[in-house]
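Okay, structure first, notes after.
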């Protein structure tokens, strides 16, 4: 029915827009011209047209009101009534006939308009009903396609009925509808078992086919492009009115990032406990030695052991401070107590005390000019200690370390340069990440929690400054930080 | 007695007090901080027992342990692994170590283990 209707309706095919009123207009005018040609040119009877044209016009009005709503009907009516008036005044009618003619034309006009209104209203109501249904379907499709999770709906034979864009993005393959799960062995593989994700042995397949609901089941898998991902699958069976299972709908979410964070966190915790346990081990042994020594009354050794005990206690204190700072940063509680002080003086103090811990390195201050900054003295101290200890730690073969203060228009820039192992380009992006250093705890190469640069960057940024690095692998690194003046 | 013990740990803060404590007990002690040097050191020091840290800068105690236990010349040396890492006891068993002690340890517990192998 709809097809026939559309066929009859060229404008529908061209698109329904603000110009669609032209069609009833043109059609009605054409009808009037044809009737003139017919009555004068073919039958040579100027009266012949009147009655027939009324019926044809009614058909036009019904058609156009139905097609275009009320407006189509009204356009047809106006053209028809105008044409009646044209006939009334241009044909050989007498006065009484003209008066009757006008009455007829006007009443016909009113009836036509009523007809147009009723049909137009009917048409609009039908449109709304049809349109709502069509829109709802379209709307659901749009939502489904643009959901942030992957969706796959299968029938009770494991055939794919529907998927969405996100599923394609997550799995890296397109599952065409009609595709039967478990058929293609080359689809995605579960990385641990090497069983294809949707193969018959895989639990998602069994769940989808055996009609069991799955809630938050995690799978590790390897995509065809080699990327390892983690997905979480929630699957529920769909029953029809008779409570028969007809389909399964599954939501597949990519949880690779969450998994990675979780792993980093676990690694970090185990690294932190390892780092904390080492000084405790040492402390306990020195305390034992100390006790034995005190019993033997050798004061020089006892004093030495005491110093070592203090060193180890300090090491513990620093580790716990770092952990506390990180939690302060995370909870946004790292407050600053700013004051005016000479940063050159602070640098001198730090260099002096750090130089005392290494014989292999020579720390050289290149510029010693007094430079007052407004900042948190303790926190800036912390940043400098971190940069200098890193410079020492990552240049295991010794050599020089340069510290420099430079001033430009709006800020001062402090740099710490070492000639150690350097940092590759790809690592440079990550060294300021919170847990970076500890990402491979089992292949640890340098001690520490890996929190120093993360904390330092946060401190500098809270001063509205910047912390950055320039480095070349194998040649050394220069860390810079700026403080606004 | 007078057993010869080689301590392998990358942290001098562990090596120093541990050596002192063991020396006081009458053991002969040698120590290294770099795992790579162990094969050389084992040859010239000839230890009866090795206290081996698992997680070290630049080397892996498990690999060292496996290698020593495979070698005819060194497989008789008692290896006691130590680590602060959770789950390291299983690692040490898999690597073929004779015993394991978790850091931080009670000095008395370490002595008890050492007694077992003397």
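Protein chains in written order, with my numbering: chain G, 1 to 485; chain R, 1001 to 1118.
From the three backbone atoms N, C-alpha and C, an ideal C-beta is built for every residue, glycine too.
Take residue 1111/R and list the residues in its own chain whose beta-carbon comes closer than 8 Å to its own, dropping the five residues that flank it on each side.
-> Counting from one through the second chain, the residue named residue 1111/R turns up at place 111. Correct list, in chain order: 1025.
What's the gap between the Cα of residue 477/G and the Cα of residue 417/G?
-> As a working note, residue 477/G is residue 477 in the first chain. As a working note, residue 417/G is residue 417 in the first chain. Rounded to whole angstroms, residue 477/G to residue 417/G spans 6 Å at the Cα level.
In chain G, which residues lie less than 9 Å from residue 1100/R when you measure between Cβ atoms?
-> The residue labelled residue 1100/R in the question sits at position 100 within the second chain. Listed along the chain, the chain G residues whose CB falls inside 9 Å of the CB of residue 1100/R amount to none; the nearest CB is some 14 Å away.
Can you tell me the Cβ-Cβ gap for residue 1085/R and residue 1051/R, rounded? I've got them flagged as a contact below 8 Å.
-> Counting from 1 along the second chain, the entry for residue 1085/R is found at position 85. Counting from 1 along the second chain, the entry for residue 1051/R is found at position 51. Contact flag wrong, Cβ pair sits at about 16 Å.
Under 6 Å Cβ to Cβ from residue 100/G, same chain only, skipping five residues before and after it: list those, please.
-> As a first step, residue 100/G is located in the first chain; it is residue number 100 there, counting from the start. Within the same chain, residue 100/G has no close Cβ partners at all.
N-terminal and C-terminal residue of the beta strand (DSSP E) that residue 374/G is part of = Locating residue 374/G in the first chain gives position 374, counting from the first residue. Residues 372–376.
Simplified DSSP assignment, three categories, for residue 135/G = Against the first chain, residue 135/G aligns to sequence position 135. The answer is helix: DSSP assigns residue 135/G an H, G or I state.
If you drop the 5 nearest sequence neighbours on each side, which residues of the same chain put their C-beta closer than 6 Å to that of residue 544/G?
-> Nothing can be reported for residue 544/G: it is not among the residues displayed for chain G, which extend from 1 to 485.
Under the rule that 16 or more other beta-carbon atoms within 10 Å means buried, what is residue 1115/R, buried or exposed?
-> Along the second chain, one-based indexing puts residue 1115/R at 115. Exposed is the call here.
If you compare alpha carbons, which of 135/G, 230/G, 269/G is closest to residue 257/G?
-> Stepping through the first chain from its first residue, residue 257/G is reached at position 257. Comparing Cα-Cα distances from residue 257/G to each of 135/G, 230/G, 269/G, the minimum goes to 230/G.
Can you find a C-beta in chain R that's less than 8 Å from the C-beta of residue 278/G?
-> Walking along the first chain from the start, residue 278/G turns up at place 278. For residue 278/G, the answer is yes, since a Cβ of chain R falls inside 8 Å of its Cβ.
May I have the straight-line CA-CA distance separating residue 471/G from residue 1018/R, to the nearest angstrom?
-> Residue numbering aside, residue 471/G sits at position 471 when the first chain is read from its first letter. Residue numbering aside, residue 1018/R sits at position 18 when the second chain is read from its first letter. Cα to Cα, the separation comes out at about 39 Å.
Report the three-state DSSP secondary structure of residue 213/G (helix, strand or coil).
-> Reading the first chain from its first residue, position 213 is the one you call residue 213/G. Shown here, residue 213/G sits in coil according to DSSP, grouped into three states, outside any helix or strand.
Is the CB of residue 281/G under 8 Å away from at least one CB in chain R?
-> The count along the first chain starts at 1 and reaches residue 281/G at position 281. Output row for residue 281/G: interface = yes.
Residue 106/G: buried (16+ other C-beta within 10 angstroms of its C-beta) or exposed?
-> In the first chain, counting from the first residue as 1, residue 106/G sits at position 106. By the Cβ neighbour-count rule, residue 106/G is exposed, with fewer than 16 other Cβ atoms within 10 Å of its own.
Buried or exposed: residue 72/G, going by 16 or more other Cβ atoms within 10 Å of its Cβ?
-> Within the first chain, residue 72/G is the residue found at index 72, counting from 1. Buried, since its Cβ has 16 or more Cβ neighbours within 10 Å.
7 Å Cβ shell around residue 124/G - same chain, five flanking residues per side excluded = Indexing the first chain from 1 puts residue 124/G at position 124. Spatial neighbours of residue 124/G in its own chain (CB-CB distance under 7 Å, excluding positions within 5 residues in sequence) are listed in chain order as 69.
Interface partners of residue 285/G on chain R, CB under 7 Å | Position 285 of the first chain, counting from 1, holds the residue named residue 285/G. Residues of chain R passing the Cβ test: 1017, 1018, 1021, 1107.
With distances taken between CB atoms, is the gap from residue 138/G to residue 164/G smaller than 8 Å?
-> Taking the first chain and counting its residues from 1, one reaches residue 138/G at position 138. Taking the first chain and counting its residues from 1, one reaches residue 164/G at position 164. Against a cut-off of 8 Å, the Cβ pair of residue 164/G and residue 138/G comes out as no contact.
What residue range is occupied by the uninterrupted alpha helix (DSSP H) comprising residue 169/G?
-> By one-based count along the first chain, residue 169/G stands at place 169. Boundaries of the alpha helix (DSSP H) harbouring residue 169/G: 165–171, taken from the DSSP string.
Check the Cβ-Cβ distances between residue 415/G and every residue of chain R, and say whether any is below 8 Å.
-> The residue labelled residue 415/G in the question sits at position 415 within the first chain. Chain R places no beta carbon closer than 8 Å to that of residue 415/G, leaving this residue out of the contacts.
Along the segment 1038–1071 of chain R, what residues have a CB closer than 7 Å to any CB found in chain G?
-> Here the close residues are 1055, 1057, 1058.
Reduced DSSP secondary structure (H/G/I, E/B, other) of residue 484/G | The residue given as residue 484/G occupies position 484 in the first chain. Three-state DSSP puts residue 484/G in a strand.
Could you work out which residues of chain A lie near residue 1084/R, taking near to mean beta carbons separated by less than 9 Å?
-> Structure shown: chain A not included; protein chains present are G and R.
If you draw a straight line from the C-alpha of residue 302/G to the C-alpha of residue 295/G, how long is it?
-> Residue mapping note: residue 302/G aligns to position 302 of the first chain, counting from 1. Residue mapping note: residue 295/G aligns to position 295 of the first chain, counting from 1. The alpha-carbon separation between residue 302/G and residue 295/G amounts to approximately 10 Å.
Three-state class that DSSP yields for residue 474/G in the structure shown | Mapped onto the first chain, residue 474/G falls at position 474. Here DSSP, grouped into helix, strand and coil, assigns residue 474/G to coil.
So which residues on chain R does residue 292/G lean against when the C-beta distance must stay under 7 Å?
-> To locate residue 292/G, count along the first chain from 1; it is residue 292. Counting only Cβ-Cβ distances below 7 Å, residue 292/G has contacts in chain R at 1024, in chain order.
Please check the pair residue 1005/R and residue 1022/R, which I expect to be a contact at CB under 8 Å, by giving their CB distance rounded to whole angstroms.
-> Walking along the second chain from the start, residue 1005/R turns up at place 5. Walking along the second chain from the start, residue 1022/R turns up at place 22. Taking the Cβ atoms as the reference, residue 1005/R lies roughly 6 Å from residue 1022/R, within the contact range of under 8 Å.
Below 8 Å, can you find three or more Cβ-Cβ pairs linking the segment 307–323 of chain G to the segment 336–354 of chain G?
-> Output reads no: the segment 336–354 of chain G does not touch the segment 307–323 of chain G.
Classify residue 1049/R as buried or exposed, calling it buried when 16 or more other Cβ atoms lie within 10 Å of its own Cβ.
-> By one-based count along the second chain, residue 1049/R stands at place 49. Result: buried.
Residue 1038/R - containing beta strand (DSSP E), residue span | For the purposes of this step, residue 1038/R is taken as the residue at position 38 of the second chain. Premise fails: residue 1038/R lies in the alpha helix (DSSP H), 1038–1045, not in any beta strand (DSSP E).
For the segment 1003–1015 of chain R, which residues have a beta carbon sitting closer than 7 Å to at least one beta carbon of chain G?
-> Taking 7 Å as the Cβ-Cβ cut-off against chain G, the residues of the segment 1003–1015 of chain R that qualify are 1011, 1013, 1014.
Using Cβ-Cβ distances below 9 Å, what residues of the segment 307–321 of chain G are close to chain R?
-> Cβ contacts with chain R: 308, 311, 312, 315.
So who's on the other strand from residue 1100/R, going by DSSP bridges?
-> Stepping through the second chain from its first residue, residue 1100/R is reached at position 100. In the DSSP output, where bridge partners are listed per residue, residue 1100/R has 1081/R.
Neighbour flag for residue 323/G against chain R, beta carbons, 8 Å = Here the question's residue 323/G lines up with position 323 in the first chain. No, because no Cβ of chain R sits closer than 8 Å to the Cβ of residue 323/G.
Could you tell me which chain R residues have their CB closer than 7 Å to the CB of residue 288/G, listed as they occur along the chain?
-> Working through the first chain from its first residue, we reach residue 288/G at position 288. At a beta-carbon threshold of 7 Å, the residues of chain R lying near residue 288/G are 1021, 1107, ordered along the chain.
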